[in-house]
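Read through the structure below, which is laid out as structure tokens, and then see the notes.
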Amino acid sequence: MRQKSEIVNMYFVNAPFFLRWFYPSVTFNRSRKEKKIYLTFDDGPIPEVTPFILNTLAKHKIKATFFCVGENIIKHNDIFQRILREGHAVGNHTYHHLKGWDTEDERYLKNIEQCQQLTRTSLFRPPYARAKKSQLKRLYLQFEVVFWDVLSGDFDQTLSPEKCYQNVIRHSKNGSIIVFHDNVKAIPRVQYALPLTIAHFLEKGFSFEKLKPKH
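Residues in the sequence shown are numbered from 89 upward in steps of one, following the working numbering.
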């Protein structure tokens, strides 16, 4: 039976069927055959929370994937270098955190290329999961475009930290790609939910891995 998608405050916690149908070439999850979880973090790096995330991952010897905003890489290059040094994967999240739906194609693609000069990755995630098909058609030639299986909701300032945690553990399963955020508005929820999420899934026999590009 197909899992019903949960809507919280007008966003989907788990990627609904129609979104997967509309974006058939986008990655939403990895193989369901293995007990592996893929933690991803969007919008950083920033000093207010990225070091906490890195310390938490290091404590458990876990690797994850950071979808970085180019201007934050420039501002906080020491943290970006730490991400690389500690063996995590990085992805391109545009230079200025642009919403593709509201941005002319050439400007959007140039902004991604500006970030690519810093990240040099084959992974791309569009901010807000909002990119036009005309933009994605060109991006598929260079990147694996990664959305997610489970959205923690940590960016939602009306959401309690406990509800954020429950969003993740209720909807994650084999091969899930989970989104947390290393941005300021996510801080109380990611600081609460991330350590509990790791402990929960380790206890259930899952391993955590970084995303390795399919091509």
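Positions of the beta carbon are idealized from the N, C-alpha and C atoms, including for glycine. All figures in this text were calculated on a predicted structure; none of them were measured in a lab.
Using 8 Å as the threshold, is the C-beta distance between residue i and residue j below it?
| i | j | result |
| --- | --- | --- |
| L142 | I171 | yes |
| Y183 | E159 | yes |
| E291 | K151 | no |
| K123 | S295 | yes |
| V101 | V238 | yes |
| I265 | W236 | yes |
| G188 | A146 | no |
| T285 | Y253 | yes |
| R108 | G263 | no |
| V278 | V137 | yes |
| P249 | Y280 | yes |
With 16 other CB atoms within 10 Å as the buried threshold, where does residue i fall?
| i | result |
| --- | --- |
| K149 | exposed |
| D166 | exposed |
| V270 | One detail in the question is off: residue 270 reads as Asp in this sequence, not Val. Classification for D270: buried. |
| E194 | exposed |
| D131 | buried |
| G175 | exposed |
| M89 | With a pLDDT of only 37 at M89, under 50, the local geometry of the prediction cannot be trusted, and the value read off the model is given with reservation. Burial call: exposed. |
| A217 | buried |
| F110 | exposed |
| F289 | buried |
| I162 | exposed |
How many whole angstroms separate the CB atoms of residue i and residue j, which I take to be in contact at a CB cut-off of 8 Å?
| i | j | result |
| --- | --- | --- |
| F212 | G179 | 6 Å |
| F133 | H181 | The residue you asked about is not Phe; residue 133 is Pro in the sequence shown. Going by Cβ atoms, the distance from P133 to H181 rounds to 11 Å, so no, they are not a contact pair. |
Taking the straight line between their C-alpha atoms, what separation do you get for residue i and residue j?
| i | j | result |
| --- | --- | --- |
| V272 | F243 | 9 Å |
| G293 | E192 | 45 Å |
| F129 | K261 | 18 Å |
| Q205 | R118 | 27 Å |
| P391 | F154 | What the structure shows of the chain is the stretch from 89 to 303, and residue 391 is not part of that stretch, so it cannot be assessed. |
| R173 | F116 | 27 Å |
| S177 | Q169 | Position check: residue 177 holds Ala in this sequence, whereas Ser was assumed. Answer to the nearest angstrom: the Cα atoms are 11 Å apart. |
| N209 | F231 | In the sequence under discussion, the amino acid at residue 209 is Thr, which differs from the Asn named in the question. Cα to Cα, the separation comes out at about 8 Å. |
| I200 | R226 | 12 Å |
| F198 | L186 | Before going further, note that residue 198 is Lys rather than Phe in the sequence given. So the two alpha carbons sit approximately 11 Å from each other. |
| T144 | I125 | 16 Å |
Unbroken alpha helix (DSSP H) runs of length 4 or more, entirely within the region 235-265: which are they?
-> Runs found: 249-259.
Unbroken stretches of the alpha helix (DSSP H), 4 residues or longer, contained in the region 106-186 | If only uninterrupted alpha helix (DSSP H) runs of at least 4 residues are considered, those enclosed by the region 106-186 are 138-147, 158-163 and 165-173.
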